Amino acid sequence: MQKDRSIKLVQNIGILLFLAPALILIGIYIIWPIIMSFDLSMFEWDGVSPQKIYVGLKNWKDLLQDSIFWQAFLNNVKFIFLSIIIEMPIAILLAVLLDRGGKKFDVFKSLFYLPMLMSSVAIGVLFKYIYDPSFGLLSGILSFLHLDFLNQDWLGDPKVAFYSVVAVICWQYIPFYMIFFIAALSNIPHELYEAAKIDGATQGQYFWRIELPLLSPSIKTACILSLIGSLKYFDLIYVMTEGGPSNATELMATYMYKNAFASFKMGYGSTIASAMFMIITTAGILAYFATKRREA
1 MQKDRSIKLV
11 QNIGILLFLA
21 PALILIGIYI
31 IWPIIMSFDL
41 SMFEWDGVSP
51 QKIYVGLKNW
61 KDLLQDSIFW
71 QAFLNNVKFI
81 FLSIIIEMPI
91 AILLAVLLDR
101 GGKKFDVFKS
111 LFYLPMLMSS
121 VAIGVLFKYI
131 YDPSFGLLSG
141 ILSFLHLDFL
151 NQDWLGDPKV
161 AFYSVVAVIC
171 WQYIPFYMIF
181 FIAALSNIPH
191 ELYEAAKIDG
201 ATQGQYFWRI
211 ELPLLSPSIK
221 TACILSLIGS
231 LKYFDLIYVM
241 TEGGPSNATE
251 LMATYMYKNA
261 FASFKMGYGS
271 TIASAMFMII
281 TTAGILAYFA
291 TKRREA
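In the UniProt record's numbering, the protein residues as written are 1 to 296.
Shown next, in the form of structure tokens:
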């Protein structure tokens, strides 16, 4: 018994030694910055001067009364909803079509994945030109089709700017979920398709009654990834609109960046970052347990 315990202890020490480099990096680059964000939220600091002024919970009180932050939060919630209802169905449809096509459609898999390989900054700049109401590609297409009445200031009108940017983000991320679902489809035994075909099932029946139920765990995982990603999204929104016009496209991450690094309110920016951490962590945990409960 004592020998078994000694062997187990040596094994555990070995495991810890192998994990130590990764744990150290996680501690330095993830856990410590989170702790520092909560600490800085108690101070008023410009991020440059050596002196920080302790203000206690003042930044948190200001955050609760900050209408722009809550508008940004609601924009994040809308972003989650739109991302899931747009990206998931299109990604599943493309995945099924490409999977049914077999090797003949391999070239389309590469072509459809190209948006995901592009830099978000490059995509943002590209679509700013496409959306230009006077000289953009979109206005040119509408003019060619004699639909000039549909043309508008896509990024300058608060009523449509948010949806214009979300459309671009969905275009960029649909390929990611497409590949995700193609991988899930490849794990479905081909014998099921053969059996369904022998039983006289159509392609549609096979999809709704066999493929979609078997894809359910992957769809739930993809939705959780989309939820977390939408709550912390930053880059393309900032490149295209910087949160404007009139905060119509403001997200929590863009608002945090502008406060911390543009307005030099590092303490308040850290408060927003800390609030984001709590919101994202809570949402992720609730989504995880909600999916697990349904599976049970």
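We treat Cβ as the ideally placed atom computed from N, Cα and C, and that holds for glycine. Every value quoted in this text rests on a predicted model; they were computed, and no experiment measured them.
What residue range does the alpha helix (DSSP H) around residue i cover?
i           : result
Phe207      : Counting along the chain, Phe207 falls outside any alpha helix (DSSP H), and DSSP gives it neither H nor E.
Gln71       : Ser67 to Gly101
residue 363 : As displayed, the chain neither begins before 1 nor continues past 296, which places residue 363 out of reach and without an answer.
His190      : His190 to Ile198
Trp32       : Trp32 to Leu40
Asn59       : Lys58 to Leu64
Phe144      : Leu137 to Phe144
Leu111      : Asp106 to Leu117
Ile28       : Unbroken run through Ile28: none, as it is neither H nor E.
Tyr129      : Ser120 to Ile130
Please return the same chain residues whose Cβ sits closer than 7 Å to the Cβ of residue i, not counting the five positions on each side in sequence.
i      : result
Ala222 : Met88, Tyr177 and Phe180
Tyr131 : Leu138, Trp154, Leu155 and Ser164
Cys170 : Ser83, Ile86 and Glu87
Phe289 : none
Phe105 : Leu98
Ile90  : Ile174
Asn76  : Ser230, Leu231, Leu251 and Met252
Ile68  : Asn247, Glu250 and Tyr255
Ala196 : Tyr206 and Ile210
Can you give me the Cβ contacts of residue i inside the same chain, cut-off strictly under 6 Å, excluding the 5 residues immediately before and after it?
i      : result
Gly267 : Leu40, Phe43, Glu44, Trp45 and Asn59
Met276 : Met252
Gly47  : Phe264 and Met266
Tyr113 : Pro175
Pro158 : Pro245, Ser246 and Ala248
Just mark residue i as buried or exposed, buried being the case when its beta carbon has 16 or more other beta carbons within 10 Å.
i           : result
Asn187      : exposed
Tyr163      : exposed
Glu211      : buried
Gly124      : buried
Asn12       : exposed
Phe79       : buried
Ile219      : buried
Ser274      : buried
Thr271      : buried
Gln205      : exposed
residue 300 : Nothing can be reported for residue 300: it is not among the residues displayed for the chain, which extend from 1 to 296.
Ser49       : exposed
Val10       : exposed
residue 300 : Limits of the chain in this structure are 1 at one end and 296 at the other, which puts residue 300 out of reach.
Gly269      : buried
Tyr257      : buried
Tyr129      : exposed
Leu17       : exposed
Leu227      : buried
Ser134      : exposed
Enumerate in chain order the residues of its own chain whose CB-to-CB distance from residue i is below 8 Å, with the five nearest sequence positions on each side excluded.
i      : result
Thr254 : Ala72, Phe234, Ile237, Tyr238, Glu242 and Gly243
Gly101 : Phe108
Leu185 : Ala95, Val96, Asp99, Glu211 and Leu215
Gln172 : Pro115, Met116, Met118, Ser120, Ile123 and Leu236
Can a CB atom of chain D be found closer than 7 Å to the CB of residue i?
i      : result
Ile219 : The structure shown contains no chain D; it is built from a single protein chain.
Assess contact between the stretch 255-269 and the stretch 19-29, defined as three or more Cβ pairs (one per stretch) separated by less than 8 Å. Is contact present?
no
What are the complete alpha helix (DSSP H) segments, minimum 4 residues, inside the stretch 223-254?
235-240
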